[in-house]
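Notes follow once the structure below has been shown.
Numbering (our numbering), first residue to last: 46 to 401.
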């Protein structure tokens with residue numbers, strides 16, 4: 046905070062000096078003073094621009110180095126390394142171009158400042174320069190786009206058949222999580238059935254949904270592919286899991302998906318960071334209303350055996366809410382399956398995923 050205050054103070058001083066010099070110029074013009082004063086003001090402004098370039102560049106370098114760790118949390122997924130590499134390649138290319146253009150911009154403002162008797166050179170056109178600065182950026186951008194498309198196709202394409210599947214639904218202002226039970230199939234949901242108890246809108250007429258269960262946090266097994274099925278119940282949200290390099294919009298009316306493979310358990314990351322209170326986090330990074338700040342959810346990466354044990358301990362939604370099932374029985378005479386299969390029973394003696 047102190048460093049930020051110093052930076053803002055310096056910036057304010059530069060703005061004040063700039064305004065003072067502009068006032069001086071206007072005063073000189075209206076008072077009929079000699080052009081020598083305008084030349085002095087131009088020289089001072091040119092020097093200030095070079096000072097801004099040097100001080101601003103130094104401040105940026107310091108800020109970047111000081112905050113590098115905050116910008117780059119440890120990677121805890123397989124695809125995260127490729128995403129990180131692609132990100133820094135892109136930043137390096139853009140950074141080099143940005144630095145070069147800014148140096149030239151400020152340097153030319155200094156070099157070609159106003160001088161008595163010097164006229165500006167009119168340079169209308171050059172085909173070679175036009176071709177160079179069109180073709181080179183086009184090739185570079187095409188390479189970056191292709192690399193991004195390649196990675197995007199992997200993480201949004203078909204997930205491995207043995208993936209752990211779960212659904213994440215965003216709503217103002219929290220996340221809901223649903224897992225399939227023994228059959229590893231998520232049941233049908235119906236928004237017309239949503240109420241204070243049935244927040245997902247479970248349609249228990251579908252037998253696939255009888256063993257589905259909800260969880261207060263996300264549990265995933267280390268070293269195993271995980272498929273996130275994502276949707277929103279109201280407005281635009283975004284599933285953001287920084288340590289796994291996962292980000293995907295939760296769009297109302299348009300289900301999305303993302304699959305990844307976690308590589309570091311929560312306990313291992315706590316030991317690595319030396320922070321026993323560390324937790325992976327799922328957050329919404331799209332401003333979705335006044336309670337946006339509250340849209341966070343813990344993610345627990347378990348060892349496979351621990352994940353199986355956790356899965357086995359869960360109770361299905363229909364088991365925890367028999368009144369919802371009873372009401373559906375009364376309203377519908379075509380209930381596909383009336384026997385409730387608890388998730389805990391389903392997990393005992395049978396792993397939640399064949400590959401675990």
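C-beta: ideal position from N, C-alpha, C; glycine also.
Burial state of residue i, where buried means 16 or more other Cβ atoms lie within 10 Å
i           : result
residue 126 : exposed
residue 57  : exposed
residue 422 : This structure cannot speak to residue 422, because the chain is shown only from 46 to 401.
residue 171 : exposed
residue 103 : exposed
residue 208 : buried
residue 356 : buried
residue 352 : buried
residue 184 : exposed
residue 54  : exposed
residue 186 : exposed
residue 370 : buried
residue 110 : exposed
residue 211 : buried
residue 119 : exposed
residue 325 : buried
residue 179 : exposed
residue 182 : exposed
residue 79  : Confidence at residue 79 is low in this model, with a pLDDT of 48, below 50, so the placement of that residue should be treated as unreliable; the coordinate-derived value is given next. The residue is exposed, with fewer than 16 neighbouring Cβ atoms inside 10 Å.
residue 321 : exposed
residue 378 : Model confidence at residue 378 stands at a pLDDT of 49, short of 50, so the residue's coordinates are unreliable; what they give is reported in the following sentence. Residue 378 is exposed by the Cβ-count criterion.
residue 65  : exposed
residue 145 : exposed
residue 307 : buried
residue 240 : exposed
residue 368 : exposed
residue 128 : buried
Supposed close pair residue i, residue j - CB separation, criterion 8 Å
i           : j           : result
residue 304 : residue 280 : 25 Å between Cβ atoms; not a contact.
residue 255 : residue 122 : Residue 255 to residue 122, Cβ: 32 Å. No contact.
residue 62  : residue 93  : 7 Å
residue 349 : residue 269 : 7 Å
residue 59  : residue 97  : 6 Å
residue 284 : residue 327 : 6 Å
C-beta contact flag for residue i and residue j at 7 Å
i           : j           : result
residue 300 : residue 257 : no
residue 249 : residue 363 : yes
residue 217 : residue 298 : no
residue 275 : residue 293 : yes
residue 215 : residue 282 : yes
residue 291 : residue 277 : no
residue 310 : residue 267 : yes
residue 273 : residue 213 : yes
residue 91  : residue 155 : yes
residue 253 : residue 228 : yes
residue 112 : residue 159 : no
message: Ignoring anything shorter than 3 residues, give me the beta strand (DSSP E) runs that lie fully in the segment 243-270, in order along the chain.
response: Along the length of the segment 243-270, whole beta strand (DSSP E) runs at least 3 residues long occupy 258-260, 263-266, reported in chain order.
message: Below 8 Å, how does it come out for the segment 250-266 and the segment 340-351: are there three or more Cβ pairs, yes or no?
response: yes
query: Is the segment 144-154 touching the segment 305-317, taking contact as three or more C-beta pairs under 8 Å?
result: no
- prompt: Any contact of the segment 217-231 with the segment 242-257, i.e. 3+ C-beta pairs under 8 Å?
  reply: Taking a cut-off of 8 Å on C-beta distances, the segment 217-231 touches the segment 242-257, as three or more cross pairs fall below it.
query: Do three or more CB pairs link the segment 131-143 to the segment 185-200 at distances below 8 Å?
result: Contact holds: three or more Cβ-Cβ distances are below 8 Å.
field: Whole alpha helix (DSSP H) elements within the segment 300-344, 4-residue minimum
entry: 311-318
message: Could you tell me which whole beta strand (DSSP E) segments of length 3 or greater appear in the segment 189-220?
response: 209-216
Segments assigned alpha helix (DSSP H), at least 4 residues, entirely inside the segment 86-146: Qualifying alpha helix (DSSP H) stretches, in chain order: 113-116.
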